[in-house]
Amino acid sequence: MTKFSDLKLDPKVLQAIADTGYETPTPIQAGAIPPALEGKDVLGIAQTGTGKTASFVLPMITLLGRGRARARMPRSLVLAPTRELAAQVAENFDNYAKYTKLTKALLIGGVSFGEQDKLIDRGVDVLIATPGRLLDHFERGKLLLTGVQIMVVDEADRMLDMGFIPDIERIFQLTPFTRQTLFFSATMAPEIERITNTFLHAPARVEVARQATASETIEQRLIEITPTRRDQSAKQKRELLRAIIKAEGDACTNAILFCNRKTEVDILAKSLKSHGLDAAPIHGDLDQSQRTRTLDGFRDGTLRFLVASDVAARGLDIPAVSHVFNFDVPSHAEDYVHRIGRTGRAGRKGCAITLSTPADQKYLDAIEALLKKPLPRVAAPESFAVSEASQRPARKTDERKKAERPARSSSRSRTREEKPSPAQENPVVAQERIVESAAVEPKPDNQHERPAKEKPRSRAPKHDRRGDTSGPVVGMGDHVPDFLLRAVPRGKASTDS
Ligand code: AMP
Numbered sequence: 196m197t198k199f200s201d202l203k204l205d206p207k208v209l210q211a212i213a214d215t216g217y218e219t220p221t222p223i224q225a226g227a228i229p230p231a232l233e234g235k236d237v238l239g240i241a242q243t244g245t246g247k248t249a250s251f252v253l254p255m256i257t258l259l260g261r262g263r264a265r266a267r268m269p270r271s272l273v274l275a276p277t278r279e280l281a282a283q284v285a286e287n288f289d290n291y292a293k294y295t296k297l298t299k300a301l302l303i304g305g306v307s308f309g310e311q312d313k314l315i316d317r318g319v320d321v322l323i324a325t326p327g328r329l330l331d332h333f334e335r336g337k338l339l340l341t342g343v344q345i346m347v348v349d350e351a352d353r354m355l356d357m358g359f360i361p362d363i364e365r366i367f368q369l370t371p372f373t374r375q376t377l378f379f380s381a382t383m384a385p386e387i388e389r390i391t392n393t394f395l396h397a398p399a400r401v402e403v404a405r406q407a408t409a410s411e412t413i414e415q416r417l418i419e420i421t422p423t424r425r426d427q428s429a430k431q432k433r434e435l436l437r438a439i440i441k442a443e444g445d446a447c448t449n450a451i452l453f454c455n456r457k458t459e460v461d462i463l464a465k466s467l468k469s470h471g472l473d474a475a476p477i478h479g480d481l482d483q484s485q486r487t488r489t490l491d492g493f494r495d496g497t498l499r500f501l502v503a504s505d506v507a508a509r510g511l512d513i514p515a516v517s518h519v520f521n522f523d524v525p526s527h528a529e530d531y532v533h534r535i536g537r538t539g540r541a542g543r544k545g546c547a548i549t550l551s552t553p554a555d556q557k558y559l560d561a562i563e564a565l566l567k568k569p570l571p572r573v574a575a576p577e578s579f580a581v582s583e584a585s586q587r588p589a590r591k592t593d594e595r596k597k598a599e600r601p602a603r604s605s606s607r608s609r610t611r612e613e614k615p616s617p618a619q620e621n622p623v624v625a626q627e628r629i630v631e632s633a634a635v636e637p638k639p640d641n642q643h644e645r646p647a648k649e650k651p652r653s654r655a656p657k658h659d660r661r662g663d664t665s666g667p668v669v670g671m672g673d674h675v676p677d678f679l680l681r682a683v684p685r686g687k688a689s690t691d692s
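Counting from 196, one number per residue, gives the positions in the sequence shown under the numbering used here.
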């Protein structure tokens, strides 16, 4: 087995590694560090959780040990797709470079240009940036990239998802042809392949086993419910979620809860809070200081539930997360693996619970195909089964139509299933209802963080932004205009009222 001391790293780096307590390099480190130290380009196919950050930070520090920083001309550049990931790389750098004199600057949005300018003016060895902010600095004439000797692209597949590839290409062109490139991606989509063919020179390709099976330390569970009404789906999932959290009790010390849309992230966080659970949202529309505060709170244990979107939580390294909840089944199977990988880290036990409805079937099929095994089905907790939103078969179309009539709020027209549960009569839950009305009226599609991939979904009818096409579409779907539901005065009523 390779040891860190076999890797020809700078002794100061080895000392910092010893301080962290890591004994042996992970496979991506053992594979990527030697060619990187030889000055070769590296194409690392690995995802977060594999130790890939150290696989580029450690050789970078070693290589930069010789030479000195020059004003406005960073000697190396690390590009990361999100602010949080960039900040995480910066933390890694601080940790492993603590016995060296190397300097760094972190260029991310949401932070004033002034401070960042000062650092760049002074000269830094390592510049860690998100692509947009880096180009902003460049365009303001504050930065020269002609001194970059080592360029790292981290999480390239996420860059692709977020539409950053043109920026990355531009940045590549601004750096010297002779630079060394260390390029990391979890997957090799054709577009990523094209970029690597264009900008990498005879790279050493290091691939670590895809985490498709997820860590053995993660217990996975799937809880399926059939909402009593489609427009109640999110609400009933929230009820189910609370029942699960209650049933998990102290075993659930903290959790990341994933939603597919930013609007749902906000709604779920508010709803959990209104039920007395300690939750906060994190997604790309929140300002940076709020995101940082929320993350810090979650890291230091003062916040128990972090409700997140995929992009915001991607690659976050929070070692002790007991649970991951997929409030929504992710629509991209790989996201399932990324999400549940937030728990069960560093050999700890973790629990990943996914909530699904019949509308999620095709996504579930894709996940199970990727994992090459079915997710273990588990019954909903008993406390949920006895509540109004229990697991019951979907109602027939005409019943659903009745339920959607304007008169549905009157107790006279309620079906037995629609009677308010004691919980719904509770004023706390009244707030939930307000939140609810936002849930059934999704904001436009630009709320989603991945417009490119989500395009097909934007064509889905308004009532069904999650791409659910499994339910029967009757006439005008769920949005039957009121006038069509009104009884026609002459002859027989034309509606089924
Ligand atoms: P990353 O894939 O870079 O996000 O790293 C995932 C986690 O693995 C982080 O918490 C690292 O601190 C940790 N880690 C990195 N290298 C090692 C190693 N050689 N041994 C044990 N843990 C490591």
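Ideal placement from N, C-alpha and C gives every residue a C-beta, glycine not left out.
Can you tell me which of the three DSSP states residue i falls into?
i, result
"Leu435", "helix"
"Leu238", "strand"
"Phe522", "coil"
"Pro639", "The predicted model places Pro639 with a pLDDT of 32, which falls under 50 and marks its position as unreliable; any figure quoted below should be read in that light. Reduced to three states, the DSSP call for Pro639 is coil."
"Arg267", "coil"
"Val573", "coil"
"Gln311", "helix"
"Ile323", "strand"
"Leu403", "Checking the sequence, you will find Val at residue 403 rather than Leu. Correct three-state label for Val403: coil."
"Ile390", "helix"
"Thr376", "strand"
"Pro476", "strand"
"Lys247", "helix"
"Ala275", "coil"
"Leu297", "coil"
"Met255", "helix"
"Met354", "helix"
"Glu627", "Summary for Glu627: the model assigns pLDDT 38, below 50, so the residue's position carries little reliability; its value from the coordinates is reported in the next sentence. Helix at Glu627."
"Arg590", "For Arg590, the predicted structure reports a pLDDT of 40, less than 50, and the residue's modelled location is therefore unreliable. The matter cannot be settled from this model."
"Ile345", "strand"
Just to confirm, is the Cβ distance from residue i to residue j under 8 Å?
i, j, result
"Ile212", "Tyr294", "no"
"Leu452", "Phe522", "yes"
"Leu377", "Ile345", "yes"
"Leu272", "Leu340", "yes"
"Phe251", "Ala231", "yes"
"Asn449", "Gly492", "no"
"Ile228", "Gly246", "no"
"Pro398", "Val237", "yes"
"Asp512", "Gln283", "yes"
"Ala300", "Leu314", "yes"
"Leu302", "Leu329", "yes"
"Val319", "Ala285", "no"
"Ser517", "Tyr558", "no"
"Thr382", "Glu563", "no"
"Val519", "Thr538", "yes"
"Pro254", "Arg353", "no"
"Thr257", "Leu338", "no"
"Phe379", "Glu414", "no"
"Leu490", "Glu218", "no"
"Ala507", "Gly479", "yes"
"Leu274", "Val348", "yes"
"Gly262", "Arg270", "yes"
"Val502", "Ala464", "yes"
"Glu419", "Ser551", "yes"
Looking at residue i and the ligand AMP, is the gap between the Cβ and the nearest heavy atom below 7 Å?
i, result
"Ala429", "no"
"Gln375", "no"
"Tyr531", "no"
"Asp505", "no"
"Asp201", "no"
"Pro243", "Per the sequence shown, the amino acid found at residue 243 is Thr instead of Pro. Within the cutoff, so yes."
"Thr219", "yes"
"Gln210", "no"
"Lys247", "yes"
"Asp214", "no"
"Pro514", "yes"
"Gln311", "no"
"Gln224", "yes"
Looking at the strands, I want to know which residues DSSP matches up with residue i.
i, result
"Ala450", "Phe500, His518"
"Arg416", "Ile548"
"Leu329", "None, per the DSSP bridge assignment."
With 8 Å as the threshold, decide whether the Cβ of residue i is near any Cβ in chain B.
i, result
"Ala515", "No chain B is part of this structure, which consists of one protein chain only."
What are the complete beta strand (DSSP E) segments, minimum 3 residues, inside the segment 507-571? 518-521, 545-551
Length-filtered (4 minimum) alpha helix (DSSP H) runs lying within the segment 207-232: 222-232
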